[in-house]
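A.B. asks:
Number of protein chains: 2
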Amino acid sequence: MSRVVLHNYFRSSTSYRVRIALNLKGVDYDYVAHHLRHGEHRDPAYLAVNPQGLVPALVWSNGTIVTQSLAICEFLDEMIPEPPLLPAEPGDRARVRAIAQMIACEIHPVNNLRVLNTLRSRYGADDAGVADWFRQWVHETFVPLEAMLATHPQTGRFCHGETPGLADICLVAQVANNARFNVDMSPYPTISRIRDACMELSAFADASPARQPDAE
Amino acid sequence: MSRVVLHNYFRSSTSYRVRIALNLKGVDYDYVAHHLRHGEHRDPAYLAVNPQGLVPALVWSNGTIVTQSLAICEFLDEMIPEPPLLPAEPGDRARVRAIAQMIACEIHPVNNLRVLNTLRSRYGADDAGVADWFRQWVHETFVPLEAMLATHPQTGRFCHGETPGLADICLVAQVANNARFNVDMSPYPTISRIRDACMELSAFADASPARQPDAE
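Heads up: the protein sequence lines correspond to chains V and C, in order. Its first residue numbered 0, the first sequence is counted upward by one per residue in numbering that gives the first Met the number 0. Its first residue numbered 0, the second sequence is counted upward by one per residue in numbering that gives the first Met the number 0.
Okay, structure coming up:
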């Protein structure tokens, strides 16, 4: 068995998700940085690990390569069941996965670096235009997400109950991204409260972009 | 216990995914159509079911409401284990989930109706511009997806082995969407072959947009 390797980038919010999950599971791993803006993830050596050339990619101790941040988190949850990232009951698991996917399938992809770059190159978007675009998709999903979290009886200190899990992982990484585009968080007191509760835990705080070895 | 209800829209590819999953699991359900272009999904009655006002949403026989198509598919897989939508081994499960997420987190969200509408309203994109945008994101992910499927030893008649699952569900729904924007599928022989194999099964064929009661 070799050491676990995480191919990632400090500022990538999908990498951030996986770093939190690895910390929650107590997995010690080697950090391999790929600088997205320098195109390092298009290196032939890295394409042999992940043909998509995207981060994150996890190389498990048995050599299994896993890509896509949510697939990596579920893989970790299956390999190391404690502490669980998902609750036990199917309806509860679905609630947590749905919250995670609201962020991972609705906000993040539309605001990804390559999409923002295409807005610039194809439609001449400037910094202000790109920031407007980014904020539009955050608000479109954060408004119902705030309502869902604020009103649901199973929302606790975290998105679901009193222990952090997959939904919190996605929430924290998204809120960190929001700060780069000056998203007004005042309409989202529940999301902000949960984010703050997470950041009190070292598993979340230690995974922050600013604390990574490739941070600028 | 009441009957299962699927809130959906014939042309929505995320609804299409869930219809396939329900068929594969042999679940008989009530079909409730919400016409996205007419804004029916913003009805107060529907917002009580899904505060996001998006389709699909599944109301299970015990009253549990599940949103987000991949969360719904995983919920179905946990409630009705046979036939499985995911393989048994964690590394294999991760491979299938990653393929599903390449489509569900990279292609579909960027090409969603509301994003295309925003391209029109904010950047004056015309039909040709919208189609170019759509095809760009398909090709960006289908090129590595084709390579991954064509070269991986566990690719079989379907994305993973000889039985259809979560990855095939996403693949078929995406290929159907591609046809609406004239995506050239000739660079993707493996994806096309798997899609054709799926469409030979009634679970997939019966879930097609054209066969739904609200089809136009």
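Note that CB positions come from ideal geometry on N, CA and C, so glycine has one too.
According to DSSP, simplified to helix, strand and coil, what is A32 (chain V)?
C.D. replies: As a working mapping, residue 32 (chain V) is identified with position 33 in the first sequence. Looking at A32 (chain V) - three-state DSSP - the assignment turns out to be strand.
A.B. asks: Would F74 (chain C) pass as an interface residue toward chain A - the criterion being a Cβ-Cβ separation below 8 Å?
C.D. replies: No chain A appears in this structure, whose protein chains are V and C.
A.B. asks: I need the straight-line Cα distance from G89 (chain C) to A70 (chain C), nearest angstrom please.
C.D. replies: Working through the second sequence from its first residue, we reach residue 89 (chain C) at position 90. Working through the second sequence from its first residue, we reach residue 70 (chain C) at position 71. According to the sequence displayed, residue 89 (chain C) carries Pro and not Gly. Approximately 18 Å between the Cα atoms of the pair.
A.B. asks: Using a 10 Å radius around the Cβ and a threshold of 16 neighbouring Cβ atoms, would you call L112 (chain C) buried or exposed?
C.D. replies: As a working note, residue 112 (chain C) is residue 113 in the second sequence. Burial call: exposed.
A.B. asks: Pair every Cβ in the segment 42-60 of chain C with every Cβ in the segment 11-22 of chain C, then say whether three or more of these pairs are closer than 8 Å.
C.D. replies: Result yes; three or more Cβ-Cβ pairs closer than 8 Å.
A.B. asks: Exposed or buried, T220 (chain V), counting other C-beta atoms within 10 Å across all chains shown (16 or more means buried)?
C.D. replies: With chain V running from 0 to 215 in the structure shown, residue 220 (chain V) is simply not present.
A.B. asks: Taking 8 Å as the CB-CB limit, is E77 (chain V) close to chain C?
C.D. replies: Locating residue 77 (chain V) in the first sequence gives position 78, counting from the first residue. Judged by the 8 Å Cβ criterion, E77 (chain V) is in contact with chain C.
A.B. asks: I159 (chain V) to V174 (chain C), Cα distance in whole Å?
C.D. replies: What you label residue 159 (chain V) is simply residue 160 of the first sequence in a count that begins at 1. What you label residue 174 (chain C) is simply residue 175 of the second sequence in a count that begins at 1. According to the sequence shown, residue 159 (chain V) is His rather than Ile. Approximately 35 Å between the Cα atoms of the pair.
A.B. asks: I want to see whether chain V comes within less than 8 Å of Q100 (chain C), judged by CB atoms only; does it?
C.D. replies: Numbered from 1 along the second sequence, position 101 holds the residue referred to as residue 100 (chain C). It does: the Cβ of Q100 (chain C) has a partner Cβ on chain V nearer than 8 Å.
A.B. asks: Considering only their Cβ atoms, is the gap separating F141 (chain V) from I79 (chain V) smaller than 8 Å?
C.D. replies: Here residue 79 (chain V) refers to the residue found at position 80 when the first sequence is read from its first residue. Here residue 141 (chain V) refers to the residue found at position 142 when the first sequence is read from its first residue. Not closer than 8 Å, so no.
A.B. asks: Between L46 (chain C) and E215 (chain V), what straight-line distance do the alpha-carbon atoms span, to the nearest angstrom?
C.D. replies: Within the second sequence, residue 46 (chain C) is the residue found at index 47, counting from 1. Within the first sequence, residue 215 (chain V) is the residue found at index 216, counting from 1. Taking the straight line joining both Cα atoms gives about 43 Å.
A.B. asks: Give a yes or no on whether the minimum CB-CB distance between L69 (chain C) and chain V is below 8 Å.
C.D. replies: What you label residue 69 (chain C) is simply residue 70 of the second sequence in a count that begins at 1. Yes, L69 (chain C) counts as interfacial toward chain V.
A.B. asks: Ignoring anything shorter than 4 residues or poking outside the segment 76-154 of chain C, list the alpha helix (DSSP H) runs there in chain order.
C.D. replies: Qualifying alpha helix (DSSP H) stretches, in chain order: 89-100, 112-122, 126-150.
A.B. asks: Quick one: which chain V residues come within Cβ less than 8 Å of C104 (chain C)?
C.D. replies: Numbered from its first residue, the second sequence carries residue 104 (chain C) at position 105. Near C104 (chain C) (Cβ distances below 8 Å), the residues of chain V are Q67, L69, A103, C104, H107, P108.
A.B. asks: What does Q211 (chain C) reach in chain V if we use C-beta pairs closer than 8 Å?
C.D. replies: Here the question's residue 211 (chain C) lines up with position 212 in the second sequence. Residues of chain V passing the Cβ test: none, with the nearest at roughly 22 Å.
A.B. asks: Could you check the C-alpha separation between M101 (chain V) and E73 (chain C) for me, to the nearest Å?
C.D. replies: Within the first sequence, the letter at position 102 stands for residue 101 (chain V). Within the second sequence, the letter at position 74 stands for residue 73 (chain C). Going by the C-alpha atoms only, they are around 15 Å apart.
A.B. asks: Rounded to whole angstroms, what is the Cα-Cα separation between T181 (chain C) and V137 (chain C)?
C.D. replies: Translated into positions along the second sequence, residue 181 (chain C) becomes position 182. Translated into positions along the second sequence, residue 137 (chain C) becomes position 138. The sequence given here has Asn at residue 181 (chain C), not Thr. Rounded to whole angstroms, N181 (chain C) to V137 (chain C) spans 11 Å at the Cα level.
A.B. asks: What would DSSP say about T63 (chain V), mapped onto helix, strand or coil?
C.D. replies: Your numbering for residue 63 (chain V) matches position 64 in the first sequence. The answer is coil: DSSP assigns T63 (chain V) none of H, G, I, E or B.
A.B. asks: Going by beta carbon distance, what residues of the same chain come within less than 6 Å of A124 (chain C), once the five residues before and after it are set aside?
C.D. replies: Walking along the second sequence from the start, residue 124 (chain C) turns up at place 125. Correct list, in chain order: L118.
A.B. asks: Y122 (chain V) CB to nearest chain C CB: under 8 Å?
C.D. replies: In the first sequence, residue 122 (chain V) corresponds to position 123, counting from 1. So, interface residue.
A.B. asks: Within a Cβ cutoff of 6 Å, which residues of the same chain sit near L75 (chain C), ignoring the five residues on either side of it in sequence?
C.D. replies: Counted from its first residue, the second sequence places residue 75 (chain C) at position 76. A20, K24.
A.B. asks: Along the alpha helix (DSSP H) that carries L23 (chain V), what are the first and last residues, could you check?
C.D. replies: Looking up residue 23 (chain V) in the first sequence gives position 24. Per DSSP, L23 (chain V) belongs to the alpha helix (DSSP H) from 12-23.
A.B. asks: Which residue wins for smallest C-alpha separation from V4 (chain C), given the options C:R16, C:Y30, C:I106?
C.D. replies: Counting from one through the second sequence, the residue named residue 4 (chain C) turns up at place 5. Nearest of C:R16, C:Y30, C:I106 to V4 (chain C), Cα basis: C:Y30.
A.B. asks: Pick helix, strand or coil for N7 (chain C), following the three-state DSSP scheme.
C.D. replies: As a position in the second sequence, residue 7 (chain C) is number 8, starting the count at 1. In the structure shown, N7 (chain C) sits in a strand (DSSP, three-state: E or B).
A.B. asks: Confirm, please, whether the CB-CB distance from N49 (chain C) to H6 (chain C) is below 8 Å.
C.D. replies: For the purposes of this step, residue 6 (chain C) is taken as the residue at position 7 of the second sequence. For the purposes of this step, residue 49 (chain C) is taken as the residue at position 50 of the second sequence. Contact flag set, yes.
A.B. asks: Is it buried or exposed, P208 (chain C), if we count other Cβ atoms within 10 angstroms and call 16 or more buried?
C.D. replies: For the purposes of this step, residue 208 (chain C) is taken as residue 209 along the second sequence, with counting starting at 1. It counts as buried.
A.B. asks: Using a cut-off of 7 Å between C-beta atoms, extract the partners of P143 (chain V) located in chain C.
C.D. replies: Taking the first residue of the first sequence as 1, we reach residue 143 (chain V) at position 144. P50, Q51, listed in chain order.
A.B. asks: At the level of alpha carbons, what is the spacing between R18 (chain V) and P212 (chain C)?
C.D. replies: Here residue 18 (chain V) is taken as the residue at index 19 of the first sequence, counted from 1. Here residue 212 (chain C) is taken as the residue at index 213 of the second sequence, counted from 1. Straight-line Cα distance between these residues: approximately 45 Å.
A.B. asks: Look at the Cβ atom of F203 (chain V), then the Cβ atom of V171 (chain V), and state whether they are nearer than 8 Å.
C.D. replies: Start at 1 with the first residue of the first sequence, and residue 203 (chain V) comes out as number 204. Start at 1 with the first residue of the first sequence, and residue 171 (chain V) comes out as number 172. Contact flag set, yes.
A.B. asks: Count the other C-beta atoms from every protein chain shown that fall within 10 angstroms of the C-beta of D167 (chain C), then say buried if there are 16 or more, exposed otherwise.
C.D. replies: Counted from its first residue, the second sequence places residue 167 (chain C) at position 168. It is buried - the Cβ of D167 (chain C) has at least 16 other Cβ atoms within 10 Å.
A.B. asks: Using beta carbons (cut-off 8 Å, strictly below), is A146 (chain C) in contact with chain V?
C.D. replies: Walking along the second sequence from the start, residue 146 (chain C) turns up at place 147. With 8 Å as the cut-off, A146 (chain C) counts as an interface residue toward chain V.
A.B. asks: Assign L200 (chain V) to one of three DSSP states: helix, strand, or coil.
C.D. replies: Position 201 of the first sequence, counting from 1, holds the residue named residue 200 (chain V). In this structure, L200 (chain V) counts as coil in the three-state DSSP scheme.
A.B. asks: Under 8 Å by Cβ, that's how I've got L144 (chain C) and I193 (chain C) pegged, so tell me the actual separation to the nearest angstrom.
C.D. replies: Looking up residue 144 (chain C) in the second sequence gives position 145. Looking up residue 193 (chain C) in the second sequence gives position 194. Actually they do not touch by this definition, with Cβ atoms about 10 Å apart.
A.B. asks: Against G25 (chain C), what residues of chain V qualify as contacts under a CB-to-CB distance less than 7 Å, listed in chain order?
C.D. replies: The sequence position of residue 25 (chain C) within the second sequence is 26, counting from 1. Ordered by position in chain V, no residue passes the 7 Å Cβ test against G25 (chain C), which lies about 17 Å from the chain.
A.B. asks: To which residues of the same chain is G164 (chain C) closer than 8 Å at the C-beta, ignoring the five residues directly before and after it?
C.D. replies: Taking the second sequence and counting its residues from 1, the one referred to as residue 164 (chain C) is at position 165. Contacts found: P83, L84, L85, P86, V95, F157, C158.
A.B. asks: Look at the alpha carbon of N177 (chain C) and the alpha carbon of Q135 (chain C), and state the distance between them as a whole number of angstroms.
C.D. replies: Sequence index remark: in the second sequence, residue 177 (chain C) carries index 178 (1-based). Sequence index remark: in the second sequence, residue 135 (chain C) carries index 136 (1-based). Straight-line Cα distance between these residues: approximately 11 Å.
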